[in-house]
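Quick note: the sequence shown, position 40, residue 40 per the UniProt record's numbering, numbers continuous. Notes follow the structure.
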Amino acid sequence: MTGRTLAIIGALVAGLLLLCTGGIGAVLPSVTTQDTCSAPDPPADSAVTLTIDDLATDQRHNATTIINVGQQLHVPPRGWIIALATALQESLLHNSTAVTDHDSVGLFQQRPSSGWGDTPAAPGDTRTPAQRLADPRYAATRFYDKLLRIPDWETRRLADIAQTVQISAFPERYARWESVATLLAVHLTQDTTTTSAHDAAGVLATDETTMRCAAPGQVSAAGWTVPVRGPIGSGFRTPQRPGHAGVDLLVARFTVIHAASAGIVITAACNASTGNCDIDGNPQVKGCGWYVELAHTTGLTTRYCHMVERPAVTVGQTVVAGQPLGKVGSSGNSSGPHLHFETHVNGQARDPVPFMAARGAPLGANEP
1 MTGRTLAIIG ALVAGLLLLC TGGIGAVLPS VTTQDTCSAP DPPADSAVTL
51 TIDDLATDQR HNATTIINVG QQLHVPPRGW IIALATALQE SLLHNSTAVT
101 DHDSVGLFQQ RPSSGWGDTP AAPGDTRTPA QRLADPRYAA TRFYDKLLRI
151 PDWETRRLAD IAQTVQISAF PERYARWESV ATLLAVHLTQ DTTTTSAHDA
201 AGVLATDETT MRCAAPGQVS AAGWTVPVRG PIGSGFRTPQ RPGHAGVDLL
251 VARFTVIHAA SAGIVITAAC NASTGNCDID GNPQVKGCGW YVELAHTTGL
301 TTRYCHMVER PAVTVGQTVV AGQPLGKVGS SGNSSGPHLH FETHVNGQAR
351 DPVPFMAARG APLGANEP
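Structure follows, in C-alpha coordinates:
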(Lines of atoms letter the chains of each structure in order from A and count residues from 1; the text may use other names and numbers.)
(Lines give C-alpha, C1' and ligand atoms only; values in the text may rest on other atoms or scores of the structure.)
Protein backbone atom coordinates (compact mmCIF):
# COMPACT_ATOMS: atom_id res chain seq x y z
CA MET A 1 0.00 0.00 0.00
CA THR A 2 1.08 3.56 -0.57
CA GLY A 3 1.95 5.98 2.21
CA ARG A 4 -1.23 7.89 1.37
CA THR A 5 -3.39 4.80 1.89
CA LEU A 6 -1.62 3.98 5.14
CA ALA A 7 -2.24 7.53 6.34
CA ILE A 8 -5.95 7.13 5.65
CA ILE A 9 -5.99 3.84 7.52
CA GLY A 10 -4.08 5.37 10.43
CA ALA A 11 -6.54 8.22 10.68
CA LEU A 12 -9.38 5.75 10.86
CA VAL A 13 -8.01 3.61 13.66
CA ALA A 14 -5.42 5.55 15.65
CA GLY A 15 -6.16 6.12 19.31
CA LEU A 16 -9.62 4.59 19.31
CA LEU A 17 -11.14 2.47 22.03
CA LEU A 18 -14.33 1.60 20.23
CA LEU A 19 -17.61 2.19 21.99
CA CYS A 20 -19.37 -1.00 20.96
CA THR A 21 -21.68 -1.32 23.97
CA GLY A 22 -22.89 -4.87 23.95
CA GLY A 23 -25.97 -5.02 26.17
CA ILE A 24 -28.79 -6.81 24.39
CA GLY A 25 -32.21 -5.18 24.29
CA ALA A 26 -35.61 -6.22 23.01
CA VAL A 27 -35.70 -8.04 19.70
CA LEU A 28 -37.01 -5.86 16.87
CA PRO A 29 -39.35 -7.19 14.17
CA SER A 30 -37.31 -9.38 11.84
CA VAL A 31 -37.05 -9.14 8.08
CA THR A 32 -37.21 -12.26 5.93
CA THR A 33 -35.03 -12.61 2.84
CA GLN A 34 -35.76 -14.75 -0.19
CA ASP A 35 -33.27 -17.48 -1.00
CA THR A 36 -32.97 -16.91 -4.75
CA CYS A 37 -29.41 -15.65 -5.08
CA SER A 38 -26.40 -17.65 -6.16
CA ALA A 39 -23.17 -18.09 -4.23
CA PRO A 40 -20.28 -15.61 -4.58
CA ASP A 41 -17.09 -16.40 -6.41
CA PRO A 42 -14.82 -18.81 -4.52
CA PRO A 43 -11.25 -17.56 -4.04
CA ALA A 44 -9.16 -18.57 -7.05
CA ASP A 45 -6.47 -21.15 -6.29
CA SER A 46 -4.09 -19.30 -8.57
CA ALA A 47 -4.84 -15.80 -7.25
CA VAL A 48 -2.25 -13.26 -8.35
CA THR A 49 -0.17 -11.25 -5.89
CA LEU A 50 0.04 -7.66 -7.12
CA THR A 51 0.12 -4.40 -5.17
CA ILE A 52 -0.91 -0.87 -6.10
CA ASP A 53 2.76 0.13 -6.08
CA ASP A 54 3.47 -2.49 -8.76
CA LEU A 55 1.31 -0.63 -11.27
CA ALA A 56 2.72 1.86 -13.75
CA THR A 57 1.11 5.24 -14.34
CA ASP A 58 -0.66 4.11 -17.50
CA GLN A 59 -2.11 1.06 -15.72
CA ARG A 60 -3.53 3.21 -12.91
CA HIS A 61 -4.91 5.68 -15.43
CA ASN A 62 -6.61 2.92 -17.40
CA ALA A 63 -8.07 1.38 -14.24
CA THR A 64 -9.44 4.79 -13.26
CA THR A 65 -11.01 5.15 -16.70
CA ILE A 66 -12.74 1.77 -16.36
CA ILE A 67 -14.18 2.77 -12.97
CA ASN A 68 -15.22 6.24 -14.16
CA VAL A 69 -17.07 4.81 -17.16
CA GLY A 70 -18.83 2.34 -14.86
CA GLN A 71 -19.89 5.15 -12.54
CA GLN A 72 -21.19 7.25 -15.44
CA LEU A 73 -23.22 4.30 -16.71
CA HIS A 74 -24.57 3.68 -13.17
CA VAL A 75 -23.02 0.22 -13.04
CA PRO A 76 -22.85 -1.12 -9.44
CA PRO A 77 -19.33 -1.53 -7.96
CA ARG A 78 -19.48 -5.28 -8.57
CA GLY A 79 -19.41 -4.47 -12.28
CA TRP A 80 -16.28 -2.33 -11.92
CA ILE A 81 -14.50 -5.24 -10.26
CA ILE A 82 -15.53 -7.63 -13.05
CA ALA A 83 -14.32 -5.15 -15.67
CA LEU A 84 -11.02 -4.54 -13.89
CA ALA A 85 -10.37 -8.26 -13.43
CA THR A 86 -11.10 -8.84 -17.11
CA ALA A 87 -8.76 -6.07 -18.26
CA LEU A 88 -6.04 -7.32 -15.90
CA GLN A 89 -6.25 -10.78 -17.43
CA GLU A 90 -6.47 -9.58 -21.02
CA SER A 91 -3.90 -6.79 -21.07
CA LEU A 92 -2.58 -6.16 -17.54
CA LEU A 93 -4.26 -2.76 -17.97
CA HIS A 94 -1.86 -1.74 -20.74
CA ASN A 95 -3.81 -0.29 -23.66
CA SER A 96 -2.59 -2.05 -26.79
CA THR A 97 -3.28 0.16 -29.80
CA ALA A 98 -1.70 -2.36 -32.17
CA VAL A 99 -3.64 -5.43 -33.26
CA THR A 100 -2.28 -8.55 -31.51
CA ASP A 101 -3.28 -12.22 -31.10
CA HIS A 102 -5.33 -12.56 -34.29
CA ASP A 103 -7.11 -9.18 -34.33
CA SER A 104 -7.40 -8.40 -30.60
CA VAL A 105 -6.91 -4.80 -29.53
CA GLY A 106 -7.22 -2.53 -26.50
CA LEU A 107 -7.59 -3.00 -22.75
CA PHE A 108 -10.04 -5.88 -23.12
CA GLN A 109 -8.38 -7.40 -26.23
CA GLN A 110 -11.70 -7.21 -28.06
CA ARG A 111 -11.81 -8.47 -31.66
CA PRO A 112 -13.33 -6.50 -34.54
CA SER A 113 -13.86 -9.80 -36.41
CA SER A 114 -16.27 -10.81 -33.62
CA GLY A 115 -18.30 -7.64 -33.95
CA TRP A 116 -16.56 -5.56 -31.31
CA GLY A 117 -16.14 -1.93 -32.33
CA ASP A 118 -18.92 -1.88 -34.94
CA THR A 119 -21.03 0.60 -32.98
CA PRO A 120 -19.98 4.26 -33.40
CA ALA A 121 -19.34 6.12 -30.16
CA ALA A 122 -21.50 8.96 -31.45
CA PRO A 123 -22.97 10.17 -34.74
CA GLY A 124 -20.12 11.04 -37.06
CA ASP A 125 -17.64 8.61 -35.50
CA THR A 126 -15.75 7.50 -38.60
CA ARG A 127 -13.04 5.52 -36.85
CA THR A 128 -12.44 1.90 -37.77
CA PRO A 129 -13.54 -0.74 -35.23
CA ALA A 130 -9.90 -1.31 -34.23
CA GLN A 131 -9.35 2.41 -33.68
CA ARG A 132 -12.46 2.62 -31.50
CA LEU A 133 -11.41 -0.37 -29.41
CA ALA A 134 -8.02 1.25 -28.81
CA ASP A 135 -9.88 4.05 -27.00
CA PRO A 136 -10.12 2.96 -23.31
CA ARG A 137 -13.39 4.82 -22.70
CA TYR A 138 -15.00 3.27 -25.76
CA ALA A 139 -13.72 -0.23 -24.92
CA ALA A 140 -14.97 0.01 -21.32
CA THR A 141 -18.36 1.29 -22.48
CA ARG A 142 -18.78 -1.63 -24.87
CA PHE A 143 -17.72 -4.08 -22.13
CA TYR A 144 -20.33 -2.70 -19.73
CA ASP A 145 -22.99 -2.65 -22.47
CA LYS A 146 -22.60 -6.39 -22.95
CA LEU A 147 -22.22 -7.06 -19.22
CA LEU A 148 -25.51 -5.35 -18.40
CA ARG A 149 -27.40 -7.53 -20.89
CA ILE A 150 -26.44 -10.74 -19.06
CA PRO A 151 -29.29 -12.02 -16.82
CA ASP A 152 -28.38 -12.03 -13.12
CA TRP A 153 -24.80 -10.94 -13.82
CA GLU A 154 -24.59 -9.31 -10.39
CA THR A 155 -25.03 -12.57 -8.48
CA ARG A 156 -23.01 -15.03 -10.57
CA ARG A 157 -19.33 -16.00 -10.48
CA LEU A 158 -16.93 -13.37 -11.79
CA ALA A 159 -15.23 -15.85 -14.14
CA ASP A 160 -18.56 -16.94 -15.63
CA ILE A 161 -19.67 -13.37 -16.32
CA ALA A 162 -16.32 -12.29 -17.76
CA GLN A 163 -16.32 -15.35 -20.00
CA THR A 164 -19.85 -14.63 -21.23
CA VAL A 165 -18.72 -11.16 -22.27
CA GLN A 166 -15.30 -12.07 -23.67
CA ILE A 167 -15.56 -15.68 -24.93
CA SER A 168 -12.00 -16.62 -23.93
CA ALA A 169 -10.10 -19.86 -24.43
CA PHE A 170 -9.16 -19.74 -20.73
CA PRO A 171 -12.33 -18.73 -18.84
CA GLU A 172 -11.18 -19.59 -15.31
CA ARG A 173 -8.18 -17.25 -15.48
CA TYR A 174 -10.38 -14.21 -14.85
CA ALA A 175 -11.14 -15.38 -11.29
CA ARG A 176 -7.53 -15.12 -10.14
CA TRP A 177 -7.63 -11.33 -10.54
CA GLU A 178 -10.67 -10.69 -8.33
CA SER A 179 -8.73 -9.71 -5.20
CA VAL A 180 -6.43 -7.38 -7.15
CA ALA A 181 -9.41 -5.81 -8.92
CA THR A 182 -11.15 -5.28 -5.59
CA LEU A 183 -8.07 -3.62 -4.11
CA LEU A 184 -7.82 -1.35 -7.16
CA ALA A 185 -11.47 -0.34 -6.92
CA VAL A 186 -11.13 0.46 -3.22
CA HIS A 187 -7.87 2.39 -3.67
CA LEU A 188 -8.96 4.42 -6.68
CA THR A 189 -12.31 5.43 -5.18
CA GLN A 190 -11.09 6.00 -1.61
CA ASP A 191 -11.26 9.79 -1.90
CA THR A 192 -13.91 10.15 -4.59
CA THR A 193 -16.16 13.20 -4.34
CA THR A 194 -18.51 12.12 -7.11
CA THR A 195 -20.91 10.10 -4.98
CA SER A 196 -24.41 11.50 -4.86
CA ALA A 197 -25.87 13.17 -1.79
CA HIS A 198 -28.19 10.16 -1.50
CA ASP A 199 -25.20 7.80 -1.28
CA ALA A 200 -23.35 10.13 1.09
CA ALA A 201 -26.32 9.80 3.43
CA GLY A 202 -25.83 6.05 3.41
CA VAL A 203 -28.60 5.16 0.96
CA LEU A 204 -28.18 3.96 -2.62
CA ALA A 205 -30.90 4.41 -5.19
CA THR A 206 -32.22 0.98 -6.19
CA ASP A 207 -35.08 -0.53 -8.15
CA GLU A 208 -36.68 -3.94 -8.46
CA THR A 209 -33.90 -5.18 -10.69
CA THR A 210 -31.21 -4.47 -8.10
CA MET A 211 -33.09 -5.42 -4.93
CA ARG A 212 -32.16 -9.09 -4.79
CA CYS A 213 -31.95 -11.35 -1.79
CA ALA A 214 -28.73 -11.87 0.12
CA ALA A 215 -28.42 -14.52 2.81
CA PRO A 216 -24.97 -15.30 4.25
CA GLY A 217 -22.72 -16.35 1.41
CA GLN A 218 -25.10 -14.92 -1.18
CA VAL A 219 -24.51 -11.58 -2.88
CA SER A 220 -27.07 -8.96 -3.91
CA ALA A 221 -27.15 -7.13 -7.22
CA ALA A 222 -25.26 -4.25 -5.60
CA GLY A 223 -22.51 -6.61 -4.40
CA TRP A 224 -23.53 -6.88 -0.72
CA THR A 225 -24.49 -9.73 1.61
CA VAL A 226 -25.64 -10.03 5.22
CA PRO A 227 -22.74 -10.72 7.64
CA VAL A 228 -24.81 -13.15 9.73
CA ARG A 229 -28.45 -14.17 9.68
CA GLY A 230 -30.34 -13.48 12.88
CA PRO A 231 -32.74 -11.08 14.58
CA ILE A 232 -31.72 -7.60 15.70
CA GLY A 233 -31.33 -7.37 19.45
CA SER A 234 -30.40 -3.70 19.77
CA GLY A 235 -30.82 -0.97 17.20
CA PHE A 236 -28.81 2.01 15.99
CA ARG A 237 -28.61 4.95 18.42
CA THR A 238 -31.92 4.24 20.12
CA PRO A 239 -33.20 6.62 22.84
CA GLN A 240 -32.07 4.06 25.41
CA ARG A 241 -28.60 3.74 23.84
CA PRO A 242 -27.76 6.93 21.90
CA GLY A 243 -24.08 5.98 21.70
CA HIS A 244 -24.74 2.61 20.06
CA ALA A 245 -23.22 3.18 16.60
CA GLY A 246 -24.40 -0.08 15.03
CA VAL A 247 -26.84 -2.95 15.43
CA ASP A 248 -26.53 -6.17 17.43
CA LEU A 249 -27.40 -9.34 15.51
CA LEU A 250 -28.32 -12.23 17.81
CA VAL A 251 -26.69 -15.47 16.71
CA ALA A 252 -24.97 -18.38 18.41
CA ARG A 253 -21.35 -18.43 19.49
CA PHE A 254 -19.02 -19.63 16.70
CA THR A 255 -21.42 -18.54 13.93
CA VAL A 256 -19.32 -17.58 10.91
CA ILE A 257 -19.20 -13.84 10.16
CA HIS A 258 -19.13 -12.93 6.45
CA ALA A 259 -17.69 -9.85 4.73
CA ALA A 260 -20.66 -7.65 3.82
CA SER A 261 -19.02 -6.62 0.53
CA ALA A 262 -15.72 -6.83 -1.31
CA GLY A 263 -12.98 -4.69 0.19
CA ILE A 264 -9.66 -4.53 1.98
CA VAL A 265 -9.02 -5.32 5.65
CA ILE A 266 -7.91 -2.13 7.40
CA THR A 267 -8.15 -3.43 10.98
CA ALA A 268 -7.99 -6.89 12.54
CA ALA A 269 -7.20 -6.52 16.22
CA CYS A 270 -8.10 -6.88 19.88
CA ASN A 271 -9.87 -3.81 21.27
CA ALA A 272 -10.68 -4.20 24.96
CA SER A 273 -9.89 -2.10 28.02
CA THR A 274 -8.73 -5.27 29.78
CA GLY A 275 -6.22 -6.01 27.03
CA ASN A 276 -7.54 -9.57 26.76
CA CYS A 277 -9.97 -10.57 24.00
CA ASP A 278 -9.60 -14.32 24.46
CA ILE A 279 -12.18 -14.41 27.24
CA ASP A 280 -15.79 -13.27 27.38
CA GLY A 281 -16.21 -9.62 28.19
CA ASN A 282 -18.95 -7.88 30.12
CA PRO A 283 -20.78 -4.52 30.12
CA GLN A 284 -18.03 -2.97 32.25
CA VAL A 285 -15.33 -3.72 29.67
CA LYS A 286 -14.79 -1.05 27.02
CA GLY A 287 -14.11 -1.82 23.38
CA CYS A 288 -15.11 -4.11 20.53
CA GLY A 289 -13.06 -7.13 21.57
CA TRP A 290 -11.71 -9.04 18.60
CA TYR A 291 -12.92 -7.08 15.58
CA VAL A 292 -12.42 -6.40 11.89
CA GLU A 293 -12.89 -3.29 9.76
CA LEU A 294 -13.18 -3.36 5.98
CA ALA A 295 -12.78 -0.47 3.54
CA HIS A 296 -15.03 -0.72 0.50
CA THR A 297 -15.53 1.52 -2.53
CA THR A 298 -16.61 5.19 -2.44
CA GLY A 299 -15.70 5.89 1.18
CA LEU A 300 -17.70 3.05 2.75
CA THR A 301 -16.44 0.98 5.71
CA THR A 302 -17.95 -1.82 7.77
CA ARG A 303 -17.05 -3.02 11.27
CA TYR A 304 -17.57 -6.45 12.89
CA CYS A 305 -17.16 -6.71 16.68
CA HIS A 306 -17.03 -9.20 19.60
CA MET A 307 -15.43 -12.16 17.78
CA VAL A 308 -14.69 -15.25 19.83
CA GLU A 309 -11.07 -15.50 18.67
CA ARG A 310 -8.45 -13.78 16.55
CA PRO A 311 -9.96 -12.82 13.14
CA ALA A 312 -9.43 -15.11 10.17
CA VAL A 313 -8.13 -12.22 8.04
CA THR A 314 -5.18 -9.84 8.31
CA VAL A 315 -4.62 -6.14 7.62
CA GLY A 316 -4.02 -5.44 3.93
CA GLN A 317 -5.80 -8.59 2.78
CA THR A 318 -8.47 -8.18 0.12
CA VAL A 319 -11.74 -10.06 0.58
CA VAL A 320 -14.75 -10.83 -1.58
CA ALA A 321 -18.37 -10.43 -0.50
CA GLY A 322 -19.36 -13.34 1.71
CA GLN A 323 -15.81 -14.33 2.65
CA PRO A 324 -15.46 -15.53 6.28
CA LEU A 325 -13.86 -12.95 8.58
CA GLY A 326 -14.11 -14.74 11.91
CA LYS A 327 -16.65 -16.21 14.33
CA VAL A 328 -19.21 -14.72 16.68
CA GLY A 329 -18.27 -14.44 20.34
CA SER A 330 -18.69 -12.13 23.31
CA SER A 331 -15.31 -10.42 23.72
CA GLY A 332 -15.05 -6.78 24.77
CA ASN A 333 -18.09 -4.75 25.85
CA SER A 334 -20.64 -7.53 25.57
CA SER A 335 -23.18 -9.34 27.72
CA GLY A 336 -23.62 -12.36 25.47
CA PRO A 337 -22.72 -13.81 22.05
CA HIS A 338 -23.76 -11.57 19.15
CA LEU A 339 -22.32 -9.63 16.23
CA HIS A 340 -22.13 -5.86 16.64
CA PHE A 341 -22.20 -4.60 13.05
CA GLU A 342 -21.51 -1.02 11.90
CA THR A 343 -21.65 0.77 8.56
CA HIS A 344 -19.83 4.05 7.91
CA VAL A 345 -19.97 6.56 5.05
CA ASN A 346 -16.95 8.86 4.80
CA GLY A 347 -16.12 8.15 8.45
CA GLN A 348 -19.63 8.78 9.78
CA ALA A 349 -21.66 5.93 11.31
CA ARG A 350 -24.95 5.21 9.54
CA ASP A 351 -27.88 3.03 10.55
CA PRO A 352 -27.02 -0.41 9.13
CA VAL A 353 -30.68 -1.38 8.67
CA PRO A 354 -31.60 1.07 5.86
CA PHE A 355 -28.00 1.04 4.62
CA MET A 356 -28.04 -2.72 4.00
CA ALA A 357 -31.66 -2.83 2.82
CA ALA A 358 -30.86 -0.25 0.14
CA ARG A 359 -28.10 -2.57 -1.10
CA GLY A 360 -30.33 -5.62 -1.36
CA ALA A 361 -29.06 -7.29 1.83
CA PRO A 362 -31.67 -6.61 4.54
CA LEU A 363 -30.63 -7.36 8.10
CA GLY A 364 -32.74 -9.00 10.77
CA ALA A 365 -33.80 -12.26 9.13
CA ASN A 366 -34.53 -15.18 11.43
CA GLU A 367 -32.49 -18.32 11.14
CA PRO A 368 -34.10 -20.70 8.59
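C-beta: ideal position from N, C-alpha, C; glycine also.
For T65, the secondary structure class from DSSP, reduced to helix, strand or coil, is helix. Take D58, set aside five residues on each side of it, and the residues of its chain with a beta-carbon closer than 8 Å to its own are L93, H94 and N95, in chain order. When the beta-carbon positions are compared, T301 and H344 come within less than 8 Å of each other. In this structure, the alpha-carbon of H258 lies about 21 Å from that of W80.
Judged by beta-carbon spacing, A83 lies beyond the 8 Å limit of W224, meaning their Cβ atoms are not closer than that value.
Between the segment 151-158 and the segment 263-280 there are fewer than three C-beta pairs closer than 8 Å, too few to call the two in contact. Of the other Cβ atoms in all chains shown, 16 or more fall within 10 Å of the Cβ of H340; this residue is therefore buried. Following the DSSP letters along the chain, one finds D145 inside the alpha helix (DSSP H) bounded by residues P136 to L147. Pairing A139 with A56, the inter-Cα distance amounts to about 20 Å.
For P227, the secondary structure class from DSSP, reduced to helix, strand or coil, is coil. Of the candidates G106, A358 and G299, G106 places its Cα closest to the Cα of R137. Between A130 and P112 the beta-carbon gap is near 5 Å, inside 8 Å, which marks them as a contact.
Three or more beta-carbon pairs drawn from the segment 325-340 and the segment 264-278 are found closer than 8 Å, and the two stretches are therefore classed as touching. Annotation for L363: V31, V226, I232, V247, L249, F341, P352, V353, M356 and A357 place their beta carbon closer than 8 Å to its own, counting only its chain and skipping 5 residues before and after. Burial check for A169: the Cβ neighbour count within 10 Å stays below 16, so the residue is exposed. Burial check for P76: the Cβ neighbour count within 10 Å reaches 16 or more, so the residue is buried. Per DSSP, T182 is one residue of the alpha helix (DSSP H) stretching across E178 to T189.
In the DSSP assignment, T267 forms a beta bridge with E293. Around the beta-carbon of E309, fewer than 16 other beta-carbon atoms lie within 10 Å, marking it exposed.
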